[in-house]
Amino acid sequence: MITCENNDDYFFEPTLNRLLENDSLEWIFVGGKGGVGKTTTSCSLAVQLAKKRESVLIVSTDPAHNVSDAFGQKFTSQPLKVRGFDNLYAMETDPTNYKSSAYNLEDDDKKGLMSIIPELLSTFPGIDEAMGFADLMNFIQSLNFSVIVLDTAPTGHTLRLLNFPTLIDSAFEKFGDLGSQFSSMMKMFDGGANENNQLDKFRALTHSICETFRDASRTTFVCVCIPEFLSVYETERLILQLANNEIDVSYIVVNQVIFPNRLYENFMSRRKIQSKYLKQVKELYSENFHVIPVPLRPYEVRGIKAINSFGELLLQPRELPIVEDTN
Numbered sequence: 001m002i003t004c005e006n007n008d009d010y011f012f013e014p015t016l017n018r019l020l021e022n023d024s025l026e027w028i029f030v031g032g033k034g035g036v037g038k039t040t041t042s043c044s045l046a047v048q049l050a051k052k053r054e055s056v057l058i059v060s061t062d063p064a065h066n067v068s069d070a071f072g073q074k075f076t077s078q079p080l081k082v083r084g085f086d087n088l089y090a091m092e093t094d095p096t097n098y099k100s101s102a103y104n105l106e107d108d109d110k111k112g113l114m115s116i117i118p119e120l121l122s123t124f125p126g127i128d129e130a131m132g133f134a135d136l137m138n139f140i141q142s143l144n145f146s147v148i149v150l151d152t153a154p155t156g157h158t159l160r161l162l163n164f165p166t167l168i169d170s171a172f173e174k175f176g177d178l179g180s181q182f183s184s185m186m187k188m189f190d191g192g193a194n195e196n197n198q199l200d201k202f203r204a205l206t207h208s209i210c211e212t213f214r215d216a217s218r219t220t221f222v223c224v225c226i227p228e229f230l231s232v233y234e235t236e237r238l239i240l241q242l243a244n245n246e247i248d249v250s251y252i253v254v255n256q257v258i259f260p261n262r263l264y265e266n267f268m269s270r271r272k273i274q275s276k277y278l279k280q281v282k283e284l285y286s287e288n289f290h291v292i293p294v295p296l297r298p299y300e301v302r303g304i305k306a307i308n309s310f311g312e313l314l315l316q317p318r319e320l321p322i323v324e325d326t327n
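The numbers in UniProt numbering rise by one with no breaks, and the one at position 202 of the sequence shown is 202.
Structure follows, in structure tokens:
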């Protein structure tokens, strides 16, 4: 597991307080299985960050775009200030629809062999999405916010996006081999050298973004799950993939947890099921991660007041409420 706080003597407090106190962080990804509360956690985290940082941007890369619903305000692909805040902005965008500038050949003077570059690159599965994501990250980075919170799509889609540097490298290497075979021909066409230079610049941009994401002092990933089999399983899969991509992950928010206080009897069976997976979460992660259990809310988390209240829950330490087996 990759964590920036992997120390035998370190106490992993079950809150997000240390994340909020880390002023060096520039990128905070929030992800997990669909329906576990990623957007609620992302928005709540962004609100708490806005109390400490100079400027905060929350970006939804989930095509469902629930950030607008959470704040009760319509957002677009450009940053818009969240009502009630001076330093919190939000935007919603879909990387799959983001057109990369790496092979934008709309100029009239780009013709001949160079005009087939988009077609050549498009032969690599997923390259459009990967290049669009790289350009999107570059655009977001250019906005110069103190910290950026990314509300990501469900796990599978997020893993594909985080693998974009490898995919782009592979595609460009194959394209480079093809380009070398036709180098003499390419010189015959205006703009050929410029287009090669453009591709080189884009590849350098990709490597720069990759280095930023692999820098634990600048980037971290917050996993969100609920105490059920599929969610815990996907969380482990996500953490392993993040480790393979050398992306820091030190926080796991366990949402919709049923605590014993004022518990009605008809919730006991559900709580026992949850307890089975809470025990797995504790065994898997408690020694190396901040595991933050969040109580099941009796209402839908929408609007600034509810989001702020949920955010405060992320800062309050709680033990995982595991039911002891009496059988």
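Backbone N, C-alpha and C define an ideal beta-carbon position, used for all residues, glycine too.
Residue i - containing beta strand (DSSP E), residue span
| i | result |
| --- | --- |
| S250 | V249 to V257 |
| L150 | V147 to D151 |
| V281 | Taken as a continuous stretch (DSSP letters only), V281 belongs to no beta strand (DSSP E), being part of the alpha helix (DSSP H) at M268 to Y285. |
| E21 | Here E21 belongs to no beta strand (DSSP E); instead the alpha helix (DSSP H) covers N17 to E21. |
| I28 | W27 to G31 |
| F221 | T219 to C225 |
Span of the alpha helix (DSSP H) around residue i
| i | result |
| --- | --- |
| H290 | Here H290 belongs to no alpha helix (DSSP H); instead the beta strand (DSSP E) covers H290 to P295. |
| T39 | K38 to A50 |
| V232 | F229 to N244 |
| S60 | First-last for S60: V56 to S60, but that is the beta strand (DSSP E), not the alpha helix (DSSP H). |
| A70 | V67 to F71 |
| F85 | It is not in any alpha helix (DSSP H) - F85 carries neither H nor E in the DSSP assignment. |
| I304 | I304 to L313 |
| T155 | T155 to L162 |
C-alpha distance - residue i paired with residue j, whole-angstrom precision
| i | j | result |
| --- | --- | --- |
| N17 | R203 | 36 Å |
| D62 | Q241 | 19 Å |
| F229 | G31 | 17 Å |
| T166 | L20 | 31 Å |
| P154 | T93 | 15 Å |
| N87 | C223 | 25 Å |
| N144 | F11 | 33 Å |
| F277 | K201 | Looking at the sequence provided, one finds Tyr at residue 277 rather than Phe. Their backbone Cα atoms lie some 47 Å apart in a straight line. |
| G311 | I304 | 10 Å |
| D325 | L238 | 29 Å |
| T76 | D23 | 28 Å |
| P14 | T41 | 15 Å |
| T235 | P260 | 25 Å |
| S217 | V254 | 24 Å |
| Q141 | L80 | 16 Å |
| S55 | P298 | 32 Å |
| D215 | F221 | 12 Å |
| F267 | Q78 | 44 Å |
| F213 | V249 | 11 Å |
| A306 | P317 | 19 Å |
| H157 | E287 | 28 Å |
| L57 | S146 | 8 Å |
| H65 | L136 | 16 Å |
| S269 | Q256 | 15 Å |
| F289 | L161 | 24 Å |
Under 8 Å between C-beta atoms of residue i and residue j
| i | j | result |
| --- | --- | --- |
| Y233 | I292 | no |
| A90 | T39 | no |
| residue 349 | I258 | Because the chain here runs from 1 to 327, residue 349 falls outside it and cannot be looked at. |
| N308 | V47 | yes |
| I247 | T206 | no |
| G72 | R302 | yes |
| I209 | N163 | no |
| L320 | S44 | no |
| P227 | V281 | yes |
Cβ-Cβ separation, residue j to residue i (assumed contact under 8 Å), whole Å
| i | j | result |
| --- | --- | --- |
| E300 | I148 | The pair is not a contact, with the Cβ atoms about 26 Å apart (cut-off 8 Å). |
| K279 | I322 | 5 Å |
| S231 | K52 | Not really, about 29 Å apart at Cβ, beyond 8 Å. |
| A50 | F85 | 6 Å |
| F29 | L159 | With a Cβ gap of about 11 Å, F29 and L159 do not count as contacting. |
| C225 | V36 | 6 Å |
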